[in-house]
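If you're matching them up, the sequences are chains D and S in order.
Plus 3 on top of the position in the first sequence (first one is 1) and you've got the working numbering.
Plus 3 on top of the position in the second sequence (first one is 1) and you've got the working numbering.
Protein chains: 2
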Amino acid sequence: MPDNLPHKPDPELSERARTVLRTLVERYIRDGEPVGSRTLARTSGLELSPASIRNVLADLEEAGLIAAPHTSAGRVPTASGYRLFVDSLLKVEPLGQQEVARISEHLRLGEAESGEALLASASAMLSGITRLVGVVTLPRREHVEIEQIEFVPLSARRVLVILVLAGQQIQNRILRLDRDFSPAELQQAANYLSSAFAGQSVMKVRAQLLQEMRQMHGHLNALMTATVEWADQVSQRSAQEDYVLAGELNLMDFKELSAVDKLRALFDTFTRKRDILHLLDQAIDAEEMQIFIGEESGHSVLDEVSVVSAPYSIDDRVVGVLGVIGPRRMAYDRVIPVVDVTARLLGAALDHQR
Amino acid sequence: MPDNLPHKPDPELSERARTVLRTLVERYIRDGEPVGSRTLARTSGLELSPASIRNVLADLEEAGLIAAPHTSAGRVPTASGYRLFVDSLLKVEPLGQQEVARISEHLRLGEAESGEALLASASAMLSGITRLVGVVTLPRREHVEIEQIEFVPLSARRVLVILVLAGQQIQNRILRLDRDFSPAELQQAANYLSSAFAGQSVMKVRAQLLQEMRQMHGHLNALMTATVEWADQVSQRSAQEDYVLAGELNLMDFKELSAVDKLRALFDTFTRKRDILHLLDQAIDAEEMQIFIGEESGHSVLDEVSVVSAPYSIDDRVVGVLGVIGPRRMAYDRVIPVVDVTARLLGAALDHQR
DNA sequence: TGTTGGCACTCCGGACCGGCGAGTGCCAGC
DNA sequence: GCTGGCACTCGCCGGTCCGGAGTGCCAACA
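If you want it as structure tokens, here you go:
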């Protein structure tokens, strides 16, 4: 995380200043309007007059934690203000029993037809509970094990290839071939490949497998090579490539984003995906919850939003991230535990079956 | 199509009035601003003074074909104005060779992994070429033939069911069972079902099949019944249920829609899907190109947009619709042929394989 | 009779203005 | 070190004014 603002080397805020900052941020998060000394004097709990509060505010402003949109408006937290807030002022209360139950309810594999449907509903959950944008990356497949490979003959020269991956993920694709294969041959090829992969990731075996096949009796080769290549493609794709969004429209409800061009820019980057994925990647690598506030993300389009994200795992291996995107003034105290819990539960739902 | 406006019984417009209306609509489509007598006098080709044009405009207004946003603005076409325009004033020029080629290029099944990917790329095409919103419904499956059914054992009590439908569509789902099945049993069940369906639609055979199975030797029943039920669900779903959108964001570029709340309402109905599907259904039933202009759609959220849609077929049976959604002032002369051609080519791409 | 120029009128949008309210910074006094 | 007081700065709101665009109507003309 870059040290974003060119300011004093942590002037060690006084307890008072911390209280003021905290109530200011809380207040601003609540109703999105710059807050002034007057309101703070009343609501901070400190027994101080507005005038004294103003002194504190001046200090905070100098420290780069808050800013005034214009001379006679109240103050607004800056990115570093929020940062300090979430890092050391925020008291996150864990989710209630009831809410956890509600989440895990919706994340049962019960009616979900596939892993992908599960991801979608996780995303919808996130967005539904927080009234922000939910995002869940498709599980990274480089390290995901291949459990099984099957061939289903469709018609002459058309074969359906089925790839069963760990974590309920199924991929299929139709291959067009230049000669017929008998059911027995297909079976043979499937057996061979399935045992060759034997619960390993494509990455691990690919090279060796292709090597091996090159020296083989030839006539199943076309089919098998094509299959391995495709399996490889499949595992390259994903996490780096795609995610499921939900509730994008919620962003339209926040006045700080309601300018059409800002929205347009945001939605554009949502569909372009690259920037968002780049951001989420960091969270995958970190293997723990990450929060990006405004400019911290390093992508100027995202200057006005925050992203709260947590990685999720299948069988104890981190394979993806999920999270929430919303305006900087989001209710971090609620969002953080929701994201956290959802990540855990999604992981559980995905590896619980076997 | 309802006779929308409570006005004169078609006062048989003069040739002059028609010309004025045509250039007015064309102009308004071009730059979205109310057009006045002055501009019309210059650009209509008629050798008339603004004053005379005004008389004509008064007639057109009385006939409900145009309207003035306020006293001293130019005129704007009403829904019925557009209607008359597209029905009898519009000269649609067919697409150039080059563009047709470009479309069919992108609609090759070549790299498309599945039918669904094809639909998505059709949608993207539509949106890309017209700079509007592209929409393609998933093919209706009630009448689509089931070509094949396969079972792939995953692990004890988990079986992957694969449904191969006509038109490159593949569905799969994991079934959880309450006892083990041997590969031989699965094979047997697959054979039985595949031949029972034998290229027919689920709808046709469902009842009879369930009946038959009820009297059977029992122990494969759980599996097979579940499969038939699911196949039935699959074929109920779709067309009535889902579509692929592309380029929603394009709507933000039109000033007449750029109010955040309007956009919000529109995007909401896009994700709610119901209204849009209801509209598109009519196009499916009509089995020919349909154009809904503004209020004509009957859904007040869609008052400010037009929908140009055409059904597409697989193997000569209409199974879905595709089209374009945009502001009323869209370039109908370009959009219409694009939609038309894309529908044909998509159909072709979908049934060309076998 | 249809076409035209002229004219008064309407309306929108932008610019300008002044007052109000909210909030600030600073200072002097406690 | 806290506080009240005070002058000051803005943004916002409503009002007014003006120019431009376009209209409807009328009287004159071919």
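Note that beta-carbon positions come from the ideal geometry of N, C-alpha and C, so glycine has one too.
Every value quoted in this text rests on a predicted model; they were computed, and no experiment measured them.
Buried or exposed, going by whether 16 or more other CB atoms sit within 10 Å of the CB of residue 190 of chain D? Locating residue 190 of chain D in the first sequence gives position 187, where the first residue counts as 1. That one is exposed.
Residue 341 of chain S, enclosing alpha helix (DSSP H) - first and last residue: Numbered from 1 along the second sequence, position 338 holds the residue referred to as residue 341 of chain S. That run of the alpha helix (DSSP H) goes 335 to 354.
Exposure label - residue 95 of chain D; buried when at least 16 CB within 10 Å: Translated into the one-based positions of the first sequence, residue 95 of chain D becomes position 92. Classification for residue 95 of chain D: exposed.
Per-residue DSSP class, three states only, for residue 53 of chain S: In the second sequence, counting from the first residue as 1, residue 53 of chain S sits at position 50. Helix at residue 53 of chain S.
Give me the Cα-Cα distance between residue 347 of chain D and residue 135 of chain S, rounded to the nearest whole angstrom. Walking along the first sequence from the start, residue 347 of chain D turns up at place 344. Walking along the second sequence from the start, residue 135 of chain S turns up at place 132. C-alpha separation (whole angstroms): 40 Å.
Mind checking whether residue 103 of chain S and residue 311 of chain S have CB atoms under 8 Å apart? For the purposes of this step, residue 103 of chain S is identified with residue 100 of the second sequence, where counting begins at 1. For the purposes of this step, residue 311 of chain S is identified with residue 308 of the second sequence, where counting begins at 1. The answer is no: Cβ separation not under 8 Å.
Residue 3 of chain S versus residue 177 of chain D - alpha carbon distance: Because chain S here runs from 4 to 357, residue 3 of chain S falls outside it and cannot be looked at.
What would DSSP say about residue 74 of chain D, mapped onto helix, strand or coil? In the first sequence, the residue the question calls residue 74 of chain D occupies position 71. Here residue 74 of chain D sits in coil by DSSP.
Beta-bridge partners of residue 295 of chain S, as assigned by DSSP: Here residue 295 of chain S refers to the residue found at position 292 of the second sequence. BP columns for residue 295 of chain S point to S:310.
Please list the partners that residue 151 of chain S has in chain D, where partner means a Cβ-to-Cβ separation under 8 Å. Here residue 151 of chain S corresponds to residue number 148 of the second sequence, with the count starting at 1. Those within 8 Å of residue 151 of chain S in chain D are 155, 157.
Kindly identify the DSSP beta-bridge partner or partners of residue 175 of chain S. The residue labelled residue 175 of chain S in the question sits at position 172 within the second sequence. Looking at the DSSP assignment, residue 175 of chain S forms a beta bridge with S:165.
Suppose you measure from the CA of residue 323 of chain D to the CA of residue 212 of chain D; what does that come to, to the nearest Å? As a working note, residue 323 of chain D is residue 320 in the first sequence. As a working note, residue 212 of chain D is residue 209 in the first sequence. So the alpha carbons of these two residues sit roughly 27 Å apart.
Please list the residues of the region 222 to 237 of chain D that have a C-beta atom closer than 8 Å to any C-beta atom in chain S, keeping them in chain order. Of all residues in the region 222 to 237 of chain D, none has a Cβ within less than 8 Å of some Cβ in chain S.
Could you tell me the alpha carbon to alpha carbon distance between residue 9 of chain S and residue 307 of chain S, rounded to whole angstroms? For the purposes of this step, residue 9 of chain S is taken as the residue at position 6 of the second sequence. For the purposes of this step, residue 307 of chain S is taken as the residue at position 304 of the second sequence. Model confidence at residue 9 of chain S stands at a pLDDT of 44, short of 50, so the residue's coordinates are unreliable and nothing is read from them.
Kindly give me the distance between the Cβ atoms of residue 37 of chain D and residue 317 of chain D, rounded to whole angstroms, as I take these residues to be in contact under 8 Å. Indexing the first sequence from 1 puts residue 37 of chain D at position 34. Indexing the first sequence from 1 puts residue 317 of chain D at position 314. 45 Å between Cβ atoms; not a contact.
Range of the contiguous alpha helix (DSSP H) that encloses residue 186 of chain S: As a working note, residue 186 of chain S is residue 183 in the second sequence. From DSSP, the alpha helix (DSSP H) with residue 186 of chain S extends over 186 to 200.
Does the pairing of the region 14 to 29 of chain S with the region 159 to 173 of chain D give three or more beta-carbon distances under 8 Å? The answer is no - the region 159 to 173 of chain D does not touch the region 14 to 29 of chain S, with fewer than three Cβ pairs under 8 Å.
Counting only beta-carbon separations shorter than 8 Å, does residue 163 of chain D have a partner in chain S? Along the first sequence, read from residue 1 onward, the residue named residue 163 of chain D stands at position 160. Nearest CB-CB separation between residue 163 of chain D and chain S: below the 8 Å threshold.
Three-state secondary structure assigned by DSSP to residue 329 of chain D: On the first sequence, residue 329 of chain D is found 326 positions in, with the first residue counted as 1. For residue 329 of chain D, the three-state secondary structure derived from DSSP is strand.
Taking the alpha-carbon of residue 126 of chain D as reference, which of D:337, D:326, D:331, D:305 has the nearest alpha-carbon? Along the first sequence, read from residue 1 onward, the residue named residue 126 of chain D stands at position 123. Looking at the Cα atoms, D:326 is the closest of the given residues.
Could you name the residues that DSSP lists as bridge partners for residue 316 of chain D? As a first step, residue 316 of chain D must be located in the first sequence, where it is residue number 313. Residue pairing of residue 316 of chain D in beta bridges, as defined by DSSP: D:321.
Counting only Cβ-Cβ distances shorter than 7 Å, please list the residues of the region 55 to 74 of chain D near chain S, keeping chain order. Listed by position, the residues of the region 55 to 74 of chain D near chain S (Cβ gap below 7 Å) amount to none.
Classification of residue 309 of chain S by the beta-carbon crowding that lies within 10 angstroms, buried from 16 upward: Working through the second sequence from its first residue, we reach residue 309 of chain S at position 306. Residue 309 of chain S should be labelled buried.
For residue 141 of chain D, which of helix, strand or coil comes out of DSSP? Reading the first sequence from its first residue, position 138 is the one you call residue 141 of chain D. Correct three-state label for residue 141 of chain D: coil.
Taking 8 Å as the CB-CB limit, is residue 252 of chain S close to chain D? What you label residue 252 of chain S is simply residue 249 of the second sequence in a count that begins at 1. Yes, residue 252 of chain S lies at the interface with chain D (some Cβ there is under 8 Å from its Cβ).
Are there 16 or more other CB atoms within 10 angstroms of the CB of residue 185 of chain S, so buried, or fewer, so exposed? Residue 185 of chain S sits at position 182 when you count from the first residue of the second sequence. Under the 10 Å beta carbon count, residue 185 of chain S is surrounded by fewer than 16 other beta carbons and is classified as exposed.
Along the chain, where does the beta strand (DSSP E) that runs through residue 249 of chain S open and close? Mapped onto the second sequence, residue 249 of chain S falls at position 246. 246 to 249 is the span of the beta strand (DSSP E), which, as asked, contains residue 249 of chain S.
According to DSSP, is residue 98 of chain S part of a helix, a strand, or is it coil? As a position in the second sequence, residue 98 of chain S is number 95, starting the count at 1. Coil at residue 98 of chain S, not helix or strand.
Would you kindly report the start and end of the unbroken beta strand (DSSP E) that includes residue 205 of chain S? Position 202 of the second sequence holds residue 205 of chain S. According to the DSSP assignment, residue 205 of chain S belongs to no beta strand (DSSP E) but to the alpha helix (DSSP H) extending over 205 to 217.
Taking the alpha-carbon of residue 279 of chain D as reference, which of D:260, D:252, D:253, D:244 has the nearest alpha-carbon? Walking along the first sequence from the start, residue 279 of chain D turns up at place 276. With distances taken between Cα atoms, residue 279 of chain D lies closest to D:244.
Beta carbon proximity, residue 275 of chain D to chain S, threshold 8 Å: Mapped onto the first sequence, residue 275 of chain D falls at position 272. Residue 275 of chain D does not count as touching chain S.
Step through the CB atoms of chain S and report whether any lies within less than 8 Å of the CB of residue 194 of chain D. Taking the first sequence and counting its residues from 1, the one referred to as residue 194 of chain D is at position 191. So no, residue 194 of chain D is outside the interface.
DSSP three-state assignment for residue 103 of chain S, whether helix, strand or coil: Mapped onto the second sequence, residue 103 of chain S falls at position 100. DSSP places residue 103 of chain S in helix when its eight states are reduced to three.
Proximal residues of chain D, C-beta to C-beta of residue 173 of chain S below 7 Å: Looking up residue 173 of chain S in the second sequence gives position 170. In chain order: 163, 175.
Find the residues of chain S that neighbour residue 271 of chain D, judging by a C-beta separation of less than 7 Å, and give them in chain order. The count along the first sequence starts at 1 and reaches residue 271 of chain D at position 268. Correct list: 252.
Does the Cβ of residue 330 of chain D have 16 or more other Cβ atoms within 10 Å, making it buried, or fewer, making it exposed? Start at 1 with the first residue of the first sequence, and residue 330 of chain D comes out as number 327. Classification for residue 330 of chain D: buried.
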